[in-house]
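Worksheet: the structure to be examined is printed underneath.
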Amino acid sequence: MPNTVVAAVSTLGAAQSRHFPLGICAAPKGQSDQGANVAVYAPAHRHVVLCFQAPGDSWRALLLPDKTDGVHHGFVEGLPVGSRYGFYTNLAASRQELLLIDPEAVQLLLDPYGRYIDEITRADGSVGYLSVRMDSGFDWGTVTRPNTPWRETVFYEAHVRGQTMLHPEIPEEIRGSYAGMAHPVMIAHLLELGVTAVELLPVHFHLDEPHLQGTGMSNYWGYNTLGFFAPHAQYASAAAREAGSAAVQAELKGMVKLLHMAGIEVILDVVYNHTAEGGPGGPSLSWRGLAEEQYYRMRDGQYYDTTGCGNTLNFGNPQVMKMALDSLRYWVEEFHIDGFRFDLAVSLARNGKHEFDNQHPFLLAAAADGVLGTTKLISEPWDVGYGGWQTGNFPTGWADWNDTFRDTLRDIWLTDRATMFSGYHHNGLAKLGDALGGSSQLFAASGRSSMSSVNFVTAHDGFTMADLTAYNNKHNLDNQEENRDGNSNNRSWNHGVEGITNDEKILAQRARTGRNLMATMLLALGVPMLTAGDELGRSQGGNNNVYCQDNEIAWVDLVHG
279 MPNTVVAAVS TLGAAQSRHF PLGICAAPKG QSDQGANVAV YAPAHRHVVL CFQAPGDSWR
339 ALLLPDKTDG VHHGFVEGLP VGSRYGFYTN LAASRQELLL IDPEAVQLLL DPYGRYIDEI
399 TRADGSVGYL SVRMDSGFDW GTVTRPNTPW RETVFYEAHV RGQTMLHPEI PEEIRGSYAG
459 MAHPVMIAHL LELGVTAVEL LPVHFHLDEP HLQGTGMSNY WGYNTLGFFA PHAQYASAAA
519 REAGSAAVQA ELKGMVKLLH MAGIEVILDV VYNHTAEGGP GGPSLSWRGL AEEQYYRMRD
579 GQYYDTTGCG NTLNFGNPQV MKMALDSLRY WVEEFHIDGF RFDLAVSLAR NGKHEFDNQH
639 PFLLAAAADG VLGTTKLISE PWDVGYGGWQ TGNFPTGWAD WNDTFRDTLR DIWLTDRATM
699 FSGYHHNGLA KLGDALGGSS QLFAASGRSS MSSVNFVTAH DGFTMADLTA YNNKHNLDNQ
759 EENRDGNSNN RSWNHGVEGI TNDEKILAQR ARTGRNLMAT MLLALGVPML TAGDELGRSQ
819 GGNNNVYCQD NEIAWVDLVH G
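For the sequence shown, my numbering puts the final residue at 839, and the numbers step up evenly by one.
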């Protein structure tokens, strides 16, 4: 057991502490620069212990003395930047028993507002996680956000790691990293394409799902968040990770700065609909241990899941909504992020009856916020719950991924043509006019124009453009789920041969169909989104669900196509 120093409550300076803002914030001017205000939401608990370790020091355990509106708080001396920390609580334990905690023997509860997560390996070989107090300083110079108008925007959906892992002109030591994403070679490629914004798959700290353990695979896409304020450290270069948390944070900010210098906006794909704690019986890493019934959506005492991931964050609770808004503002103010694409956004707008409400306070607050209202807010307008398809129904201030546009173009250029060449009646071209017009009727009821339509044919989830023209069926055996995973309704057409072929006629037909799809998307009203690698005909071998393939199947090869 480590030498943990237990402090008396009176040393905390309770009268100086505040229940806001949540997390760790610097002491007011005139007080110690080594002290900090600590506040954590845990309404059902009588007592919460803060365990922390300043750099080079022993662990300390302190009982937070005050509780206001469900928030435990206290002013803590000796908690400088770089300190690792976490919370501990137990409804069955007394105050004295709580303070006997061994911080190195248990998983402390992470701060939901923690700015960095340190992954540790314990003496028994198990992996643990600790929050780290961070400084926000960075020299942005005179570089500002590009603020590209919607009508001039072209999105490029990419993965920080996969975008540069195979690029021979990017130094090996920064391939697959934030630094690699901002390398001059990569920026030149984006500018040559005419891209104005990169939409990055999640860079919030995330975990692998338990079912991937022992498979040799990992959660490559990153839609399993453990920290809404913390960057994913593994996307930093090895040198930055070795230098520590400040260097990781600086590398990510440096990436944004360099992209902004080139006039390219940075959009983050964010996952506020669920957390990495999973369903009932999953690990208590943060929210579950602090305020399970407040953070997660419940019905009749059971989890009510509209995400398919085991849990759903409860945006009917003001503290949950506040956490998401605070997180978004943090990424805009501290990292200069230009916008967000919200994964399964319908789950963020379900009311107390679990029904979608397009006037939900979260949607309106984000669009009206003085900071967030200046960014691009993009919904993935569906989830897996009842009434989960809501494309066109989000309020003003929001844009939607337009899956109706996607399906229409696939029908016209793929399935309808396949039907026609087989000698059967097809649906005609009536829907093409609506697609070219940016699905204006779909968005009219919400008071929005075609500029609220993010037009796409492919995305990270599904076939690539090349595979749409080469496969009638998904081929996901590499995912070790017996081809059960992934969407089976792809509206694709293999042009007569499934997969790889040397038939030059079929190859030419496939290439022309791909160009038709791409050209139609770029010519239509609305805002186009390309998927990384489609510009070069990238194939995933028919795998339409590469969420677990951190390898050549999913990586982009911008040199060899």
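For each residue, glycine too, the CB sits at the ideal point set by N, CA and C.
Its Cα nearest to that of K709, the residue I690 stands out among I690, R695, G701, T697. Linking G706 to S727 through their CA atoms gives a straight-line distance of about 26 Å. A straight-line Cα-Cα distance of about 12 Å links Q787 and R695.
In the structure shown, the three-state DSSP call for V775 is coil. Nearest Cα to G711 within the set T399, L803, D621: L803.
Of the residues assessed, Q637 falls on the exposed side of the cut-off, its CB having fewer than 16 other CB atoms within 10 angstroms. Of the residues N750, G348, G792, the one whose Cα lies closest to the Cα of R769 is N750. Contact annotation, Y513 with V473: C-beta distance approximately 20 Å; criterion of less than 8 Å not satisfied. Within the same chain, Cβ atoms closer than 7 Å to the Cβ of V526 are found at P509, A511, A514, A518, R519, the five residues on either side in sequence being excluded. Secondary structure note for D678: it is in no alpha helix (DSSP H), and the uninterrupted beta strand (DSSP E) holding it is 677-680.
Of F416, M495, S361, Y394, the smallest CA-CA separation from K531 is found for F416. Residues T674 of the same chain have their beta carbon placed closer than 6 Å to that of G725, with the five preceding and five following residues left out of the count. For the pair D635 and L603, the CB atoms are not nearer than the 8 Å cut-off.
Contact fails between the region 569-585 and the region 639-657, because fewer than three Cβ pairs, one in each stretch, are under 8 Å apart. Three or more beta-carbon pairs separated by less than 8 Å are not found between the region 384-402 and the region 342-354, which leaves the two stretches without contact. Uninterrupted beta strand (DSSP E) stretches at least 3 residues long and entirely within the region 788-823 occur at 805-809, given in chain order. Per the coordinates, the alpha-carbon of D812 lies some 17 Å from the alpha-carbon of L801. Assigned with DSSP and collapsed to three states, Y434 falls in strand. Its Cα nearest to that of E382, the residue E397 stands out among A371, D389, E397. Between H614 and G663, the C-beta gap is not smaller than 8 Å, which leaves the two residues out of contact.
Secondary structure at I656: strand, using DSSP grouped into helix, strand and coil. In the DSSP assignment, I465 falls outside any beta strand (DSSP E) and within the unbroken alpha helix (DSSP H) covering 462-471. The alpha-carbon separation between K535 and L655 amounts to approximately 21 Å. V349 has Y319, T346 as its beta-bridge partners, per DSSP.
Residue Y825 holds the alpha-carbon nearest to the alpha-carbon of N754 among S718, Y825, R816, T682.
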